[in-house]
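Using the numbering used here, you'd call the opening residue of the sequence shown number 966 and step up by one each time.
Positions of the beta carbon are idealized from the N, C-alpha and C atoms, including for glycine.
In what follows, a structure is listed as C-alpha cells, so that the remarks can point back to it.
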Amino acid sequence: MSATDDLRPRPQLPAERPGAPLWLLVTAVAGLSLVALTDAFSLFAGLRLRAVIDGDDGFLFAPQEDLGAAVSLYETASRYQVMVYLPAAIAFVLWFFRMRALTGLMAPDRFRNGPGWAIGGWLIPLVNLWMPYRIAVDMWGAATPLPTEGERFRARLWPVNLWWGLFVFSILTNRFAGTKYDNAETLMEMRDGVDQYMTAELLHILAAAAAMYFAIRLTTMQRFKAAAGPYGVAPAKEQTA
966 MSATDDLRPR PQLPAERPGA PLWLLVTAVA GLSLVALTDA FSLFAGLRLR
1016 AVIDGDDGFL FAPQEDLGAA VSLYETASRY QVMVYLPAAI AFVLWFFRMR
1066 ALTGLMAPDR FRNGPGWAIG GWLIPLVNLW MPYRIAVDMW GAATPLPTEG
1116 ERFRARLWPV NLWWGLFVFS ILTNRFAGTK YDNAETLMEM RDGVDQYMTA
1166 ELLHILAAAA AMYFAIRLTT MQRFKAAAGP YGVAPAKEQT A
C-alpha cells in the first residue's frame, strides 16, 4: 500500500439505516396474507354449508350426515382463523409502533398523541375504533415529502381511509354475524347467519389487502424521505392531491 493510499479520507458509514427495517414489514404482510387465506377458506366452508342447507329441497331440510360434515368444516375454518389472527395482529401492531417512532422523528409536530398510543390505542375498547386511524393519518402526513415553494401540501389519504373503513366495517359485520349465527334455532336462521359471516369474511379479505398496501406504501414513503430528505419527490406523487 502506498503512502498516498494511507492519506485518503475514508467515508464514514451511518450507524444505522435511516429507513424502517424491512423484516418488520415482511412479517406484517405475511401475517395479513395468512389472515386473508384463512378467511378465504372460511368463505369456501360457508358456501358449502349454505349449499347443504339449501339442497334440492330448500332450506327447511338437510341430510343429517351432510349437514354435520359441513358444520364441522365450517368450525374448523373458524379455528384456523382464531389461530392465525392473534400472531398476525401482534406482527402488524409491532410494525405500526415502529413506524410511529420513525415517522415521529421526521415531523414530531404533526402527531396529536404520544408514541405509546400506537400500541395502547389498539387495546382500549371503542378507542380502538378511532385512535389507530388518527395515528395512521399522522404517520402518513409525516412520511409525505414537503412541497416545493408555491405548492400546496396535502397528503393523499385514500389508502389510509380505504384500509380503516374496510377494517372497521368488517369487524362490526363479523360481530353482528356471530350474534345471528350463535342464536340460530332453525336451518333458515343458520343460513342467514352464514350469509352474514360470508359478507364479513369478504370484507376481511379486502381489508387485509388494503392493510398490506397501506403498510408497503407507508414504509416505502418513510424510507424514501429518510434517504432523500424532506423535499424529495416521492414516487407516485403522494405529496399532492
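Just to confirm before moving on: does the CB-CB distance between residue i and residue j stay below 8 Å?
i	j	result
residue 1184	residue 1104	no
residue 1087	residue 989	no
residue 1174	residue 1135	no
residue 1181	residue 1005	no
residue 1141	residue 1176	no
residue 1168	residue 1138	yes
residue 1056	residue 1101	no
residue 1124	residue 1179	yes
residue 1128	residue 1172	yes
residue 997	residue 1053	yes
residue 1049	residue 1032	no
residue 1075	residue 1099	no
Within its chain, find whatever has a CB closer than 7 Å to the CB of residue i; leave out the 5 residues flanking it on each side and keep chain order.
i	result
residue 1068	1104, 1107, 1108, 1187
residue 1014	1035, 1036, 1039, 1159
residue 1091	none
Apply the 10 Å Cβ neighbour rule to residue i and answer buried if 16 or more other Cβ atoms are within range, or exposed otherwise.
i	result
residue 1155	buried
residue 991	exposed
residue 999	buried
residue 1046	buried
residue 1192	exposed
residue 1161	buried
residue 911	No information on residue 911 is available, as it lies outside the stretch 966 to 1206 that the chain covers here.
What residues in its chain sit with their C-beta under 8 Å from that of residue i, if we drop five residues either side in the sequence?
i	result
residue 1080	1062, 1065, 1066, 1069
residue 1072	1106, 1107
residue 1093	1086, 1087
residue 1058	1083, 1084, 1087
residue 1157	1145, 1149
residue 1089	1096
Grab me the residues of residue i's own chain with a C-beta within less than 6 Å of its C-beta, minus the 5 sequence neighbours each way, in chain order.
i	result
residue 1163	1008, 1011
residue 995	none
Between residue i and chain D, is the shortest Cβ-Cβ distance under 8 Å, so that the two count as touching?
i	result
residue 1057	In the structure shown, chain D does not exist; there is a single protein chain.
Do the segment 1002-1017 and the segment 1030-1045 meet, that is, are 3 or more Cβ pairs less than 8 Å apart? Taking 8 Å as the limit for Cβ pairs, the verdict is that the segment 1030-1045 does touch the segment 1002-1017.
Whole beta strand (DSSP E) runs in the segment 1017-1097 with 3 or more residues, listed along the chain? Unbroken beta strand (DSSP E) runs of no fewer than 3 residues, entirely contained in the segment 1017-1097, are not found.
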